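Participant:
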Amino acid sequence: MEERLRSLVFTAFGHFSNDSMFLVYPLLITYYALVPGVSIVLLGYLAVVYELIYGLLSFPIGRIADSMQDEGALIAFGIFLLGLSMAAFAASFAFRAYMVELILAAVLLLGSGTAFYHPLGASVLRKFYKAKAPTVMGVNGSFGSLGRSVMPIIIVLLVGYLGAAGALSVVAVELFISSLIIYLGLGFVNRRVAGAKAHMRRRAVSAQVNVKMRNGYLMSLLPLLAIIFVKAMFMASTTTFVPEYLLTELHSELVVGGLLTFSFVFAIAGQLVFGYLTTRFGGRKVVAATTILSSIAFFFFLYGGKDILVIGAAYSVFVFVTFNGFSVTLGYVGQVVPEKYINRANSFVWGFGQILGSAAGVLLFTGLLNFIKISLAMWIMLAVAAVAVVMLPLLLLGNRRHKNL
């Protein structure tokens with residue numbers, strides 16, 4: 004198989020495996036909340052721990068990737084950690100006397116495992132596809148969206164047949180096998196070999212100039228990072244608790260699982276569409292458009308109340324325009340940052356913007372649940388989304404800084 008195609012096929016499979024875990028913990032909250040003595044507020048704080056681990060590890064992993072120059076092995080290792088996480092979640096249901104401790108261990112493994120894929124997968128595709136990378140990242144990202152879409156209903160059905168412990172054990176085994184497939188499939192991706200000429204050019208540049216340029220590019224991304232941080236607060240907090248919110252409105256785990264699966268199918272098309280638009284019109288315009296549209300769609304989702312047709316349609320639109328960070332955000336970073344800085348730049352924006360923003364949002368939402376109902380907390384997070392819209396002109400500042408480097 005030709006190397007460019009191979010890089011797409013196996014990074015897409017990695018994206019599917021990685022993002023299939025995206026809704027697992029929020030979905031498990033609805034099961035844990037039924038266990039006597041397990042508080043939904045505690046589960047919310049553990050979601051914050053997950054996001055913090057994810058965000059804080061992303062930048063060091065980017066530095067390690069620049070040093071190892073073997074993204075394939077690191078992506079496979081991240082998927083392996085996700086398998087360990089699912090095994091720990093399974094054990095929490097099998098050994099309920101240690102449920103909280105095992106949930107904590109599972110959350111730590113989940114945050115560690117998910118910290119690998121997005122910056123490194125984007126780097127691989129940027130390396131092989133250059134200017135066309137955002138479009139290809141849209142194709143790749145659609146497989147991540149497919150994973151997010153199908154896993155909730157798979158887990159609901161498996162739990163019905165095998166129980167929670169059995170269902171999560173099956174998912175753990177699937178992830179262990181996936182990590183081996185990815186390791187073998189991406190074994191050829193070694194930047195020490197594939198980028199040998201670029202490596203020699205880098206050695207010819209003084210270390211002082213190299214560091215100064217790299218830091219300059221990272222600082223030019225601060226306006227984007229700030230907007231993504233606030234947007235992620237809104238997106239992650241609502242996504243974490245949307246199964247519980249829907250359960251309070253619709254009173255059926257099966258309906259909730261089906262609605263989430265139906266809605267997240269639209270993220271598949273969203274990745275393709277917005278990846279192409281990022282290549283065609285530039286990441287700055289697409290980031291602005293998706294930020295505005297996601298706020299509007301979520302308003303109608305909340306306004307729909309218990310009307311399943313309205314909330315299903317609105318949430319589908321929300322997912323379509325929102326869950327495209329891989330192709331849009333990282334596609335934009337790849338448009339403005341040279342390849343030799345791409346691992347750190349990707350992990351900088353993704354780790355400190357997308358993921359730490361997610362942690363801050365989940366922390367805020369969890370804190371609100373101590374005082375108000377979950378429905379009102381959702382409306383407050385919509386106000387946070389409006390703040391991200393107001394901040395969009397900052398992208399012009401970042402664009403001017405890029406041009407001056």
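Residue numbers are given in this note's numbering: position 345 of the sequence shown equals residue 348, and the series is strictly consecutive.
Quick reminder that beta carbons are idealized off the backbone N, C-alpha and C, glycines included.
Note that the structure is predicted; figures quoted are calculated from it, not measured.
Spell out a yes or no on whether the stretch 221 to 235 and the stretch 286 to 302 are touching, meaning 3 or more CB-CB pairs, one atom from each, closer than 8 Å.
Facilitator: yes
Participant: Rounded to the nearest angstrom, what separates valine 313 and alanine 300 at their Cα positions?
Facilitator: If you take the alpha carbons of valine 313 and alanine 300, they lie about 11 Å apart.
Participant: In angstroms with no decimal places, state the Cα-to-Cα distance between leucine 59 and glycine 354.
Facilitator: 6 Å
Participant: Rounded to whole angstroms, what is the Cα-Cα separation between lysine 376 and valine 103?
Facilitator: 24 Å
Participant: Consult DSSP for histidine 18 and reduce its assignment to one of helix, strand or coil.
Facilitator: helix
Participant: As a quick exercise: from Gly47, His121, Ala93, pick the residue whose alpha carbon is nearest that of glutamine 435.
Facilitator: With the chain represented from 4 up to 408, any question about residue 435 goes unanswered, as that position is not in the structure.
Participant: Hey, how far is the Cα of tyrosine 279 from the Cα of valine 289?
Facilitator: 10 Å
Participant: Whose C-beta lies closer than 6 Å to the C-beta of leucine 275 among residues of the same chain, with five residues either side of it excluded?
Facilitator: Within the same chain, and ignoring the five residues on either side of leucine 275 in sequence, the residues whose Cβ sits closer than 6 Å to its Cβ are Gly141, Ser145.
Participant: What is the rounded straight-line gap between the Cα of tyrosine 76 and the Cα of alanine 125?
Facilitator: The residue asked about is misnamed: residue 76 is alanine in this sequence, not tyrosine. Their backbone Cα atoms lie some 15 Å apart in a straight line.
Participant: What are the boundary residues of the alpha helix (DSSP H) that isoleucine 375 is part of?
Facilitator: Per DSSP, isoleucine 375 belongs to no alpha helix (DSSP H) and is neither H nor E.
Participant: Is histidine 18 buried or exposed, if buried means 16 or more other CB atoms sit within 10 Å of its CB?
Facilitator: buried
Participant: Go through its chain and collect everything with a Cβ distance to serine 182's Cβ below 6 Å, but skip five positions before and after it.
Facilitator: Ala79, Ile82, Phe83
Participant: Going by alpha carbons, who is nearest to leucine 105 out of Ala68, Leu49, Thr241?
Facilitator: For the residues Ala68, Leu49, Thr241, the minimum Cα distance to leucine 105 belongs to Leu49.
Participant: Counting beta carbon pairs with one atom in the stretch 327 to 345 and one in the stretch 257 to 277, are three or more of them shorter than 8 Å?
Facilitator: yes
Participant: Thinking just about the alpha-carbon of each residue, which of Phe131, Leu371, Pro226, Phe351 is nearest to the one in methionine 394?
Facilitator: Pro226
Participant: Please say whether glutamate 256 and lysine 309 have beta carbons closer to each other than 9 Å?
Facilitator: At a Cβ-Cβ threshold of 9 Å, lysine 309 and glutamate 256 do not count as neighbours.
Participant: Is it a yes or a no for the stretch 25 to 39 touching the stretch 236 to 248, going by three-plus beta-carbon pairs under 8 Å?
Facilitator: The answer is yes - the stretch 236 to 248 touches the stretch 25 to 39, with three or more Cβ pairs under 8 Å.
Participant: With DSSP collapsed to three states, give me the class of glycine 308.
Facilitator: Annotated three-state conformation of glycine 308 is coil, per DSSP.
Participant: In this structure, how does DSSP classify alanine 36 when only helix, strand and coil are distinguished?
Facilitator: coil
Participant: List the whole-angstrom C-beta distance separating leucine 26 from methionine 154, where the pair is believed to meet the contact cut-off of C-beta under 8 Å.
Facilitator: Leucine 26 to methionine 154, Cβ: 6 Å. Contact.
Participant: Kindly list the residues whose CB is nearer than 7 Å to the CB of asparagine 373, restricted to its own chain and excluding five residues on each side of it in sequence; keep chain order.
Facilitator: Val44
Participant: Between which two residues does the alpha helix (DSSP H) holding methionine 102 run?
Facilitator: 102 to 117
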